[in-house]
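Notes follow once the structure below has been shown.
Residue numbers (the UniProt record's numbering): 1 to 558.
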């Protein structure tokens with residue numbers, strides 16, 4: 001047994017002992033020993049192996065698997081630019097607090113700085129977004145088994161705390177098993193399949209730290225972040241009689257959330273009875289300009305991570321790490337008319353929104369978002385693509401606590417959305433899986449559809465709203481009429497891609513739906529991976545949103 005093979009066998013075994021259940025491997029030469037050891041571990045039932053040829057997609061797949069299972073997942077690649085391709089997923093995992101483990105094979109030290117092929121300085125390539133665990137080069141001598149196993153245990157412990165980790169391993173040739181003398185020491189792990197080193201998880205501080213008055217007329221806004229923190233805060237809002245506006249990915253613990261809440265925020269100047277005396281912001285809300293516009297109109301109290309709390313406008317007065325029912329003593333009275341007024345306004349907004357969407361020409365992104373959320377079976381997983389899909393659901397869809405809704409909100413890029421959705425579906429195979437993506441987001445990660453014939457395939461329906469370009473920009477300043485000369489080429493970016501032909505090339509079933517009835521029928525639960533395309537007219541997007549906001553303002557505040 002040569003050193004690279006011995007080290008690889010130990011690493012694969014110790015990953016499994018540390019309850020790393022899913023490992024994604026990208027083909028390469030320098031990582032050959034570890035890839036072969038992982039194949040053996042998969043065959044022995046120690047872990048589940050997935051193989052992908054695109055490193056960026058592979059890393060997002062691993063991130064989705066980690067989110068779905070609640071356990072760190074690993075992705076393995078060869079040296080050089082293969083490692084760099086994983087940077088977007090590492091950044092997303094870092095800002096989302098996901099334990100992604102990148103295992104990067106490296107050239108040994110003597111090849112660095114020599115012009116050797118496929119060699120870069122890849123140690124700490126992801127800093128500060130990932131913690132480096134640096135392996136020594138394996139040698140034919142005793143005393144290395146504890147080192148290798150201990151380093152794996154350290155890496156997994158960091159990932160369990162929600163930190164991305166880079167395990168960098170320099171491998172010397174030979175990189176595949178060879179017929180050599182037996183290894184000079186036993187390579188066994190701890191008895192009974194235990195980790196080499198167990199460690200207590202970091203203490204999640206859930207003590208009450210709020211020490212300031214909370215007005216009766218408070219509004220709570222919940223974004224992405226720790227589910228336990230959000231659920232605890234929402235319980236306070238429920239008992240105190242505060243209205244809650246929550247983004248689709250927020251966990252509210254079953255609390256009642258206002259539908260169409262973001263649509264109400266832009267016109268609060270017209271409604272004195274809805275103006276809050278304080279706004280409690282839980283986690284990281286990033287979707288709605290209405291939410292951002294609300295900040296600063298009333299005292300803002302943040303409940304989030306310390307010292308990296310969310311406050312991009314620098315308006316927060318107090319920030320604490322936790323809010324739960326033991327803080328109800330800080331609530332100054334109870335105003336029953338406060339919640340009633342907000343609920344009445346939200347019901348009117350929802351009625352107007354539904355009427356406008358029903359009467360408007362089909363399809364639109366808003367209508368598709370509302371209808372998909374309404375149609376999904378209980379217990380389903382829904383992944384929302386960046387840009388418009390997640391915002392459309394935020395604006396008009398009903399809040400359903402019986403769905404598991406995910407989105408890449410750490411950095412909110414469109415990279416890797418297909419692969420992240422597939423990872424989520426593979427991580428929870430018993431859930432019906434769905435994704436709603438825009439066409440550019442889908443095309444940007446179309447390699448996520450490239451799944452080999454021997455690989456596990458997800459039960460996932462990907463709905464692609466195809467409006468031939470970047471619809472999100474139609475709603476921003478550059479989408480105004482005065483910028484039409486530059487808009488279409490550099491912002492609209494029409495592509496004319498044939499999604500049916502693309503799916504056929506990947507051997508993924510595709511269906512084009514052209515009516516609400518066809519969409520509902522296509523959403524019926526089926527096994528396997530498939531794509532449901534809906535074609536929309538991007539030219540109508542800005543006007544529809546303007547009409548929606550005007551209709552809500554007239555009905556609620558007029």
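Glycine is no exception: its CB is placed at the ideal position from the N, C-alpha and C atoms.
Being a predicted model, the structure only gives us computed values, none of them experimental.
Is the stretch 214-224 touching the stretch 173-192, taking contact as three or more C-beta pairs under 8 Å? no
Please report the straight-line C-alpha distance between residue 542 and residue 342, rounded to a whole angstrom. 27 Å
Using alpha carbons as the reference points, say which of 509, 248, 439 lies closest to residue 538. 439
Give the DSSP-derived three-state secondary structure of residue 303 in the structure shown. strand
Check whether the Cβ atoms of residue 463 and residue 435 sit closer than 8 Å, and answer yes or no. yes
Cα-Cα separation, residue 499 to residue 418: 14 Å
State buried or exposed for residue 371, treating a residue as buried only when at least 16 other CB atoms are found within 10 Å of its CB. buried
Suppose contacts are defined by Cβ-Cβ distances below 8 Å. Is residue 78 in contact with residue 30 by that definition? yes
Which residue wins for smallest C-alpha separation from residue 73, given the options 150, 161, 477, 244? 161
Segments assigned beta strand (DSSP E), at least 3 residues, entirely inside the stretch 360-420: 381-384, 404-406
For residue 315, the residue or residues it bridges with in DSSP: Note: residue 315 sits in no beta bridge, so no partner.
Is it right to say residue 83 is buried, meaning 16 or more other beta carbons lie within 10 angstroms of its own, or is it exposed? buried
Which two residues bound the contiguous alpha helix (DSSP H) that contains residue 167? Taken as a continuous stretch (DSSP letters only), residue 167 belongs to no alpha helix (DSSP H), being part of the beta strand (DSSP E) at 165-170.
Which word fits residue 392, buried or exposed, when buried means at least 16 other C-beta atoms lie within 10 angstroms of its C-beta? buried
Mind checking which residues open and close the alpha helix (DSSP H) that includes residue 265? 261-265
Within 8 Å of any Cβ in chain B, is that where the Cβ of residue 146 sits? Going by chain labels, chain B is absent from the structure shown, which holds only one protein chain.
Straight-line gap, residue 612 to residue 476 (C-alpha atoms, nearest Å): Any answer about residue 612 is impossible in this case: the structure gives the chain only from 1 up to 558.
In or out: residue 43 buried (at least 16 other Cβ within 10 Å) or exposed? exposed
Considering just the uninterrupted stretch of the beta strand (DSSP E) at residue 220, what are its terminal residues? 218-222
Give the DSSP-derived three-state secondary structure of residue 524 in the structure shown. coil
Residue interval of the alpha helix (DSSP H) (run including residue 94): 87-96
Mind checking who residue 434 pairs with in its DSSP beta bridge? 382, 461
Use the C-beta contact count for residue 212: other C-beta atoms within 10 angstroms, 16 or more gives buried, fewer gives exposed. exposed
Proximal residues to residue 295 (C-beta, below 6 Å), its chain only, five neighbours per side dropped: 313, 315
When DSSP builds the beta bridges, which residues end up paired with residue 25? 51, 76
Determine whether the beta carbon atoms of residue 4 and residue 157 lie at a separation below 8 Å. no
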